[in-house]
Amino acid sequence: MKKILLTGANGFIGSALIKELSAQGVQVYAVIKDREERVEHIQKYDNVFIVYCDLAEIERIPSLIEDRDIDTCIHLAWAGSFGDGRADYALQLQNVQYSMDLINVAANMGIKRFVGAGTLAEKDVQNYHPTDGATPNAVSIYGIAKITAHYMTKAECTRLGMEHIWCYLSNTYGVGNTTNNFVNMASRLMLQGKRAAFTAGEQSYDFVYIDDTARAIFYAAEKGHANTAYYLGSTKQRKLKEYITIIRDTIDSNIPLYLGEIPFNGNPLPEEAYDTQKLVEHTGYYPSVLFEDGIKRTIDWLKTV
Numbered sequence: 002m003k004k005i006l007l008t009g010a011n012g013f014i015g016s017a018l019i020k021e022l023s024a025q026g027v028q029v030y031a032v033i034k035d036r037e038e039r040v041e042h043i044q045k046y047d048n049v050f051i052v053y054c055d056l057a058e059i060e061r062i063p064s065l066i067e068d069r070d071i072d073t074c075i076h077l078a079w080a081g082s083f084g085d086g087r088a089d090y091a092l093q094l095q096n097v098q099y100s101m102d103l104i105n106v107a108a109n110m111g112i113k114r115f116v117g118a119g120t121l122a123e124k125d126v127q128n129y130h131p132t133d134g135a136t137p138n139a140v141s142i143y144g145i146a147k148i149t150a151h152y153m154t155k156a157e158c159t160r161l162g163m164e165h166i167w168c169y170l171s172n173t174y175g176v177g178n179t180t181n182n183f184v185n186m187a188s189r190l191m192l193q194g195k196r197a198a199f200t201a202g203e204q205s206y207d208f209v210y211i212d213d214t215a216r217a218i219f220y221a222a223e224k225g226h227a228n229t230a231y232y233l234g235s236t237k238q239r240k241l242k243e244y245i246t247i248i249r250d251t252i253d254s255n256i257p258l259y260l261g262e263i264p265f266n267g268n269p270l271p272e273e274a275y276d277t278q279k280l281v282e283h284t285g286y287y288p289s290v291l292f293e294d295g296i297k298r299t300i301d302w303l304k305t306v
């Protein structure tokens, strides 16, 4: 992998991936929505070329990039990954359309490998929705759209003669993440002295520090087997209550935890859903940041923002 086309390049994960790709000597064409977006944090890396193009106009990309030696397209851009946007079916369906359009543009540019960013939410949907009597939350529309993009892009890549890699991203946390993901939510709750109420936390969970997620995407894109899906995890899932306790102890071990005060809606994922072995065996990837270390960095940063 020498040259890539990357969407979502200035996001939390995209920025970390650019840092990793630059360190690996990979040339990156970073697709950015428009000139109003911040780019200074990625422009500082070597071999990064900014390309301004909204995904709604992705057909313009070939006219903006003359290079026809790009070998891989990594697609991270996805509107409505957090918050109420996850329940917006029109927005989520538009994301699927953009993914399909991007593949066709990439194929026309001679790109031979497509790497898509999936999510554990796909596995949550498949584990719960088919159950009779299930009452899914509206935000699960996001996971359903990701499933749709997963299988439709794989079919389209096959039709166009492209290799397809799908990455199930785990719960990524770390310095620079401004979303209200679970780690940030739980940490802020305790840092602000609010009641630390959660579900019982008996379900298995997995959290991956941002640097490891970026490395895992690189390894999957570089060495992953064609038409294969990989779970990008920490290789060491734990019960959610263990993570909550580590967060609490990192902030203040005297904070009382109210586990079980909030009801859990859904079916817990089986432990095999978090199995990273295939990625390890196929690519040689292995994470480097323990949760105890990553959460300390994250909490120290959260105290400053």
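In the numbering used here, the protein residues as written are 2 to 306. Each residue gets a CB set at the ideal place from its N, CA and C atoms; glycine is no exception.
Close-in-space but distant-in-sequence residues of the same chain around aspartate 276 (CB under 7 Å, 5 per side omitted): So the list reads Tyr232, once near-sequence residues are dropped.
Burial state of methionine 186 (16 or more Cβ within 10 Å): That one is exposed.
Residues bridged to valine 209 [DSSP beta-bridge criterion]: Note: valine 209 sits in a beta bridge opposite Thr173.
Beta-carbon proximity of alanine 122 to tyrosine 143, cut-off 7 Å: It is a contact, given that the beta carbons lie within the stated cut-off.
The beta strand (DSSP E) enclosing glycine 119, as first and last residue numbers: The continuous beta strand (DSSP E) containing glycine 119 extends over residues 114-120.
Identity of the residues DSSP links to arginine 239 by a beta bridge: Per DSSP, the beta-bridge partners of arginine 239 are Tyr206.
Beta-carbon spacing of aspartate 212, valine 290 below 7 Å: Cβ atoms of aspartate 212 and valine 290: closer than 7 Å.
Residue from Glu41, Gly202, Gly81 whose Cα sits closest to the Cα of valine 49: When only C-alpha atoms are compared, the closest one is Glu41.
Exposure label - phenylalanine 83; buried when at least 16 CB within 10 Å: The residue is exposed, with fewer than 16 neighbouring Cβ atoms inside 10 Å.
Beta-ladder partner(s) of threonine 8, from DSSP: Threonine 8 is bridged to Val32, His76.
Helix, strand or coil at histidine 308 according to DSSP, with G and I counted as helix: One cannot answer for residue 308 here, as it falls past the ends of the chain, which runs 2 to 306.
Where the beta strand (DSSP E) containing valine 306 begins and where it ends: First-last for valine 306: undefined, no H or E at that position.
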